[in-house]
Amino acid sequence: MPRIRTIIFLLLLAWGFWHFYGDIWKQAGFQGVYDDIRTDINQVSENPTIHAVVDTINQEFQRFMGMVQDNIGEDETPNEPMVEKPELQQPTEQEFSINNIEIGDIRSEVEAKVGEPKRASENEYGVDWVAYHENYQNFFMVAYDDKDQVAGLYTNQDLVSSTHGISLESTQEEVLAAIAEEPLDGIRKGLVTYQLDNNQEYDIFLMDDNYITIFYDKHENKTVTAIQIISKELEQEKKAYFGEPNDDLKQGFEYQLFDLTNAARVNHGLPVLSWAEPVRQTARDHSTDMAVNNYFSHTNQEGQSPFDRMTEDAISYTMAGENLAAGQPSSIFAHEGLMNSLGHRENKLHTGFEALAVGVAFNEDDQPYYTENYLSN
């Protein structure tokens, strides 16, 4: 019955669209109709008293287009072949391993098991996150130290082994019951202790001289959704809460957020997104604007929405969306936070989107600002 109501609603809406925009459709197709609607909206929005309402309507129109594409394509499934999951074994030297890899393992041994990496990009520790996967299946990242030994690990897929019996099916309650140590409430660096404000989205433990961050999915009964392991030595080499900004770190955060999003989509049976290079500068410009002018909003100080900015930059799209984050020390913490925010999660897991680009900038306090722009054509 709900499907019938949806069909009736779509038919009525289609009739209304045809009544007002049928001639334009015949001349210029969908993009012409969409541009004309945007023109109508923008003409009304010149009245500043209703600008915010118009921007909301504009965004809801984007959501409606997503609903249409979801209904049209709801029976479509990704065509990527399934990759066999590795047989996981209990760690032998430490309390956690990822894809049977532990802190201290040698890079040559890692790559003898899993093959060559797909990407290496700088992280907040001044070393690279090296990403391994097969079209984002069996996705994990490794950070190596200057001796080519594993100093960091991360995954948001079912590749976790633990002597505590913790896996991606464990709840936060089960994790806290299984681990004897209390979660940390801060990390000390030199004379400064940085307090952790986790909002119940993650716990950090110090075990085996490693900082182990266990992330939880608030929308899946607080089950484990990802694990990051960083050696104490590597953590202490980072002297402050935020990493030291540079162009390599900016690009690293951008590509990491892209990879993390695709790995999450694969977890939910969705097709991966392509990298939308033309919109990266649009995203970077908005992150820079927020960082320099000390604000945080989808609408910039000139009153432009994400769609206005993309149109101004000659970005072609039929549907678009934007996620923003700020203050998280890394791409991983930004991604996990966005996944726990329902509206941002919907963008990351939207079946209608086909491409993504990310733009990052830093403010004068080294705090990163992240902008994700999603598109379909």
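Under UniProt numbering, residues 1 to 377 are what the sequence shown spells out, in order.
The C-beta atom is built at its ideal place from N, Cα and C for all residues, glycine as well.
Note that this is a predicted model, so its numbers are computed, not measured.
Between the alpha carbons of residue i and residue j, how many angstroms are there, rounded?
i: lysine 218; j: methionine 339; result: 9 Å
i: alanine 178; j: valine 279; result: 45 Å
i: proline 368; j: proline 329; result: 7 Å
i: isoleucine 187; j: glutamate 312; result: 44 Å
i: aspartate 105; j: histidine 298; result: 43 Å
i: aspartate 203; j: threonine 213; result: 6 Å
i: asparagine 99; j: leucine 88; result: 7 Å
i: alanine 263; j: phenylalanine 215; result: 15 Å
i: leucine 260; j: lysine 250; result: 16 Å
i: valine 358; j: arginine 345; result: 15 Å
i: glutamate 354; j: leucine 273; result: 5 Å
i: asparagine 199; j: lysine 189; result: 22 Å
i: isoleucine 230; j: aspartate 209; result: 9 Å
i: proline 81; j: asparagine 294; result: 45 Å
i: glutamate 174; j: asparagine 221; result: 12 Å
i: serine 97; j: valine 192; result: 30 Å
i: leucine 375; j: serine 305; result: 15 Å
i: tryptophan 275; j: methionine 319; result: 16 Å
i: glutamine 90; j: glutamate 364; result: 45 Å
i: alanine 334; j: tyrosine 370; result: 8 Å
i: glutamate 95; j: phenylalanine 205; result: 11 Å
i: residue 379; j: tyrosine 154; result: No answer is possible for residue 379: the residues shown for the chain start at 1 and end at 377.
i: asparagine 138; j: serine 316; result: 33 Å
i: valine 83; j: arginine 284; result: 34 Å
i: serine 161; j: glutamate 102; result: 10 Å
Which of the three DSSP states is assigned to residue i in this structure?
i: tyrosine 255; result: helix
i: phenylalanine 96; result: strand
i: glutamine 69; result: With a pLDDT of 47 at glutamine 69, under the threshold of 50, the predicted position of this residue should be treated as unreliable, though the coordinate-derived value follows. Helix at glutamine 69.
i: phenylalanine 333; result: helix
i: residue 378; result: The question about residue 378 has no answer, for the chain in this structure spans 1 to 377.
i: threonine 299; result: coil
i: tyrosine 369; result: strand
i: leucine 338; result: helix
i: threonine 163; result: coil
i: valine 114; result: helix
i: leucine 249; result: helix
i: leucine 168; result: coil
i: leucine 88; result: coil
i: histidine 51; result: Model confidence at histidine 51 stands at a pLDDT of 42, short of 50, so the residue's coordinates are unreliable; what they give is reported in the following sentence. DSSP places histidine 51 in helix when its eight states are reduced to three.
Looking at the ligand NAD, does it come within less than 8 Å of residue i, judged from the CB to the closest heavy atom?
i: tyrosine 255; result: In the structure on display, the ligand NAD does not appear, and there are no ligands present to speak of.
Span of the alpha helix (DSSP H) holding residue i?
i: threonine 282; result: 277–293
i: glutamine 304; result: Run containing glutamine 304: none; DSSP gives neither H nor E here.
i: leucine 196; result: Per DSSP, leucine 196 belongs to no alpha helix (DSSP H) and is neither H nor E.
i: leucine 176; result: 172–178
Would you list the residues sitting across from residue i in a DSSP beta bridge?
i: glutamine 351; result: This sequence places threonine at residue 351; glutamine is not what is there. Answer is none; threonine 351 lacks a bridge partner.
i: alanine 131; result: Arg119, Met141
i: glutamine 149; result: Ile106
i: glutamine 228; result: Tyr154, Thr213
i: aspartate 203; result: Ile214
i: serine 376; result: Met319
i: phenylalanine 362; result: Pro368
i: threonine 261; result: Looking at the DSSP assignment, threonine 261 forms no beta bridge with any residue, so it has no partner.
i: leucine 356; result: Trp275, Tyr374
i: threonine 311; result: Answer by DSSP bridge pairing: none, since threonine 311 is not bridged.
Can you find a C-beta in chain D that's less than 9 Å from the C-beta of residue i?
i: serine 305; result: Annotation note: the requested chain D is absent from the structure, which comprises a single protein chain.
Looking at the secondary structure, which residues open and close the beta strand (DSSP E) in which residue i lies?
i: lysine 189; result: 186–189
i: glutamate 322; result: 319–326
Check: How do the region 230–241 and the region 107–115 stand: do at least 3 beta-carbon pairs fall below 8 Å, yes or no?
Finding: no
Margin query: Would the region 164–172 count as touching the region 120–140 if we require 3 or more Cβ pairs under 8 Å?
Written below: no
Notebook entry, point to check: Is there contact between the region 335–352 and the region 301–317, where contact requires at least three CB pairs shorter than 8 Å?
Noted result: no
Margin query: Using a Cβ distance threshold of 8 Å, determine whether the region 225–239 contacts the region 316–327, with at least three qualifying pairs required.
Written below: no
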